[in-house]
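A.B. asks: I am attaching a structure below and will ask some questions about it afterwards.
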Amino acid sequence: MRLNSHNEWAPLKEIVVGSAQNYTSHDREVSFNLFHHENLFRSDWAYPRLSSAHSPVEGRQWRVKQRYVDELHEDVEDLAQLLVSLGITVHRPIPLPPDAATIAGLSWQAPPTPALNIRDNTLVLGDEIIETPPAIRSRYLETRLLTPVFQHYYDRGATWTTMPRPLLTDASFDLSYARDTSTTLGGPTEPIEEPVTSPYDVGFEMLLDGAQCLRLGRDLLVNIATDNHRSGCDWLERHLQGRYRIHRIDRMADNHIDSMLLALRPGVFLARHAGLRDLLPAPFNTWKMIVPPEPAEGNFPVYDDGDLLLTSPYIDLNVLSIAPDTVLVNADCPELATTLDKEGFTAIPVRHRHRRLFGGGFHCFTLDTVREGDLEDYQQ
Ligand SMILES: NC(=[NH2+])NCCC[C@H](N)C(=O)O
1 MRLNSHNEWA PLKEIVVGSA QNYTSHDREV SFNLFHHENL FRSDWAYPRL SSAHSPVEGR
61 QWRVKQRYVD ELHEDVEDLA QLLVSLGITV HRPIPLPPDA ATIAGLSWQA PPTPALNIRD
121 NTLVLGDEII ETPPAIRSRY LETRLLTPVF QHYYDRGATW TTMPRPLLTD ASFDLSYARD
181 TSTTLGGPTE PIEEPVTSPY DVGFEMLLDG AQCLRLGRDL LVNIATDNHR SGCDWLERHL
241 QGRYRIHRID RMADNHIDSM LLALRPGVFL ARHAGLRDLL PAPFNTWKMI VPPEPAEGNF
301 PVYDDGDLLL TSPYIDLNVL SIAPDTVLVN ADCPELATTL DKEGFTAIPV RHRHRRLFGG
361 GFHCFTLDTV REGDLEDYQQ
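In UniProt numbering, the protein residues as written are 1 to 380.
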């Protein structure tokens, strides 16, 4: 079918499910540490204690235990199978081979990450694929693993756009959010490294992830926490002029908003807390907000100090809607399923054990490419 996805809830026909294959380590350098700063350094949320004697670091590489790598892979493959069994066409990225060569920019080198959290670096708007500029060096070529999928839709008439590619030197990043302790949700934090100068410095660059945008038909809510995001959003606004209305949301999150706020159908959000309403523009600030109970500690595997946690305990809010009344929910988060059931949704429980270790839930590691319906205006 042709690429056609305008929102987060319409009946799902086709989707891309990310690949976890060979996601064996995290590359602990400045772009990674900065992106995940809130989670890594808010020490009352995060393992490992950074002073841990058990740190599994070899050079910059932070190895993930093989058992978790295998279990993640199993859960992602099961999700893909489940979607197929529901009659949905599932596309997959090229799996990262075990011996993938190091990638490089003009001032850096990094081991590549598999195309797992594919929501992050691509934005699908109607019949257009927009590859957004990667903010983490090891993820620089991640969307290339999606080339066959994008080519498939391009061949069927989709527009395929790539936002300007950043240089990603140390000086590319606006550090103000990470350094502003009032924005780090109150926990104790650690400083991030000083930028090292490079001949390729061009100042702050445009960086904006697809997962910072919530698609509500003609309206897009875009989370802005830094100057990098602001200029990425300027590009998007100019590119989409006359087609979409962009609403900038000031610091709802450090970057991605899909464990903060998701739209389940027109008029209904799933929200981390009711206070998010104050950040929303009219008329979306009058939509109903379903706020699930606080996540229970027992919902998560018990990790060691050596296991790096990349998400908050709110990650299970990151559900995937397959229809306006049907939502895939983490099987380990029964209170969320109960909340949704009570609100009249069908919550399908799906296993995903290590969502805190690999930075994403069901919404993050999928990219819906075909949903029913046309571009609608929910302001009318
Ligand atoms: N698209 C994504 N990768 N979203 C994940 C967001 C996770 C969020 N930073 C949290 O810690 O809860």
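All residues carry an ideal CB built from backbone N, CA and C; glycine is no exception. Keep in mind it's a predicted model, so treat the numbers as computed, not measured.
Give me the residue from Phe150, Glu131 and Glu205 with the minimum Cα distance to Leu167.
C.D. replies: Locating residue 167 in the sequence shown gives position 167, where the first residue counts as 1. Measuring from the Cα of Leu167, the nearest candidate turns out to be Glu205.
A.B. asks: So, are the CB atoms of Arg245 and Arg215 less than 8 angstroms apart?
C.D. replies: Taking the first residue of the sequence shown as position 1, residue 245 is located at position 245. Taking the first residue of the sequence shown as position 1, residue 215 is located at position 215. No; because the gap between Cβ atoms is not below 8 angstroms, this pair is not in contact.
A.B. asks: Quick check: Leu3 and Val196, are their CB atoms within less than 8 angstroms of each other?
C.D. replies: Position 3 of the sequence shown holds residue 3. Position 196 of the sequence shown holds residue 196. In this structure, Val196 does not lie closer than 8 angstroms to Leu3 by Cβ.
A.B. asks: So, with DSSP's three-state summary, where would you put Ala271?
C.D. replies: By one-based count along the sequence shown, residue 271 stands at place 271. Residue state, collapsed to three classes: strand.
A.B. asks: What did DSSP end up calling Ser19 once you bin it into helix, strand or coil?
C.D. replies: By 1-based counting over the sequence shown, the position of residue 19 is 19. Coil, per DSSP.
A.B. asks: Please list the segments of the alpha helix (DSSP H) lying wholly inside the segment 106-173, counting only runs of 4 or more residues, in order along the chain.
C.D. replies: Fully enclosed alpha helix (DSSP H) runs of 4 or longer: 147-155.
A.B. asks: Tell me the rounded alpha-carbon separation between Pro188 and Asn39.
C.D. replies: Position 188 of the sequence shown, counting from 1, holds the residue named residue 188. Position 39 of the sequence shown, counting from 1, holds the residue named residue 39. Note that Pro188 scores 42 on pLDDT, short of 50, meaning its location in the model is unreliable; the coordinates nonetheless yield the value given after this. When rounded, the distance between both Cα atoms is 11 angstroms.
A.B. asks: Ligand 1 and His354: does any heavy atom of the ligand fall closer than 7 angstroms to the residue's C-beta?
C.D. replies: For this step, residue 354 is matched to residue 354 along the sequence shown. No.
A.B. asks: Measuring only the C-alpha atoms, how far is Arg28 from Met163?
C.D. replies: On the sequence shown, residue 28 is found 28 positions in, with the first residue counted as 1. On the sequence shown, residue 163 is found 163 positions in, with the first residue counted as 1. Taking the straight line joining both Cα atoms gives about 25 angstroms.
A.B. asks: Can you name the start and end residues of the alpha helix (DSSP H) that Ser31 belongs to?
C.D. replies: Taking the sequence shown and counting its residues from 1, one reaches residue 31 at position 31. Its alpha helix (DSSP H) spans residues Val30 to Phe35.
A.B. asks: Helix or strand or just coil, what does DSSP make of Ala211?
C.D. replies: Along the sequence shown, read from residue 1 onward, the residue named residue 211 stands at position 211. Helix.
A.B. asks: Going by C-alpha to C-alpha distance, which of Ile129, Ser19, Glu142 and Arg243 sits closest to Val76?
C.D. replies: As a first step, residue 76 is located in the sequence shown; it is residue number 76 there, counting from the start. Per the Cα distances, Ser19.
A.B. asks: Have a look at Cys364, Gln241 and Val17 and flag the residue whose alpha-carbon is nearest the alpha-carbon of Leu317.
C.D. replies: Along the sequence shown, one-based indexing puts residue 317 at 317. The option with the nearest alpha carbon to Leu317 is Cys364.
A.B. asks: So the candidates are Ser138, Asn299, Pro281 and Lys13; which of them puts its Cα closest to the Cα of Gly103?
C.D. replies: Counting from one through the sequence shown, the residue named residue 103 turns up at place 103. According to the sequence provided, residue 103 is Ile. The question's Gly does not apply to it. For the residues Ser138, Asn299, Pro281 and Lys13, the minimum Cα distance to Ile103 belongs to Ser138.
A.B. asks: Would you mind reading off the limits of the beta strand (DSSP E) that contains Asp219?
C.D. replies: Residue 219 sits at position 219 when you count from the first residue of the sequence shown. Its beta strand (DSSP E) spans residues Asp219 to Ile224.
A.B. asks: Should Asp120 be counted as a contact of ligand 1 given a C-beta to heavy atom distance under 7 angstroms?
C.D. replies: Residue mapping note: residue 120 aligns to position 120 of the sequence shown, counting from 1. Yes.
A.B. asks: What's the C-alpha gap between residue 382 and Leu96?
C.D. replies: Shown here, the chain extends from 1 to 380; a query on residue 382 therefore has no answer.
A.B. asks: Give a yes or no on whether the C-beta atoms belonging to Thr122 and Thr132 are separated by under 8 angstroms.
C.D. replies: Translated into positions along the sequence shown, residue 122 becomes position 122. Translated into positions along the sequence shown, residue 132 becomes position 132. Yes, Cβ-Cβ distance for Thr122 and Thr132 is below 8 angstroms.
A.B. asks: Whole angstroms are fine: how far does the CA of Arg277 sit from the CA of Glu14?
C.D. replies: Within the sequence shown, the letter at position 14 stands for residue 14. Within the sequence shown, the letter at position 277 stands for residue 277. Roughly 31 angstroms separates the two Cα atoms.
A.B. asks: Return yes when the Cβ of Pro93 is within less than 8 angstroms of the Cβ of Ile129, no when it is not.
C.D. replies: Stepping through the sequence shown from its first residue, residue 129 is reached at position 129. Stepping through the sequence shown from its first residue, residue 93 is reached at position 93. No, the Cβ-Cβ distance between Ile129 and Pro93 is not below 8 angstroms.
A.B. asks: Using the Cβ count rule (16 or more neighbours within 10 Å means buried), how would you classify Ser85?
C.D. replies: As a working mapping, residue 85 is identified with position 85 in the sequence shown. Result: exposed.
A.B. asks: If His354 and Glu74 are in contact, beta carbons under 8 angstroms, what's the gap, nearest whole angstrom?
C.D. replies: Start at 1 with the first residue of the sequence shown, and residue 354 comes out as number 354. Start at 1 with the first residue of the sequence shown, and residue 74 comes out as number 74. Contact doesn't hold; Cβ gap of about 10 angstroms is too wide.
A.B. asks: By the 10 Å Cβ neighbour count, where 16 or more other Cβ atoms means buried, how is Asn7 classified, buried or exposed?
C.D. replies: Position 7 of the sequence shown holds residue 7. Burial call: buried.
A.B. asks: Are Leu145 and Ala101 touching if we call contact CB-CB under 8 angstroms?
C.D. replies: As a working note, residue 145 is residue 145 in the sequence shown. As a working note, residue 101 is residue 101 in the sequence shown. Not in contact: Leu145 and Ala101 (Cβ atoms no closer than 8 angstroms).
A.B. asks: Which residue or residues does DSSP assign as beta-bridge partners of Pro349?
C.D. replies: Working through the sequence shown from its first residue, we reach residue 349 at position 349. The partner list for Pro349 (beta bridge, DSSP) reads Val329.
A.B. asks: Checking 8 angstroms against the spacing of the C-beta atoms, do Ala274 and Val302 come in under that value?
C.D. replies: Reading the sequence shown from its first residue, position 274 is the one you call residue 274. Reading the sequence shown from its first residue, position 302 is the one you call residue 302. No.
A.B. asks: By DSSP, does Glu376 sit in helix, in strand, or in coil?
C.D. replies: For the purposes of this step, residue 376 is taken as the residue at position 376 of the sequence shown. If DSSP states are grouped into helix, strand and coil, Glu376 belongs with coil.
A.B. asks: Compare the Cα-Cα distances from His26 to each of Phe358, Pro349 and Val329 and report the closest residue.
C.D. replies: Locating residue 26 in the sequence shown gives position 26, counting from the first residue. Out of Phe358, Pro349 and Val329, Phe358 has the C-alpha closest to the C-alpha of His26.
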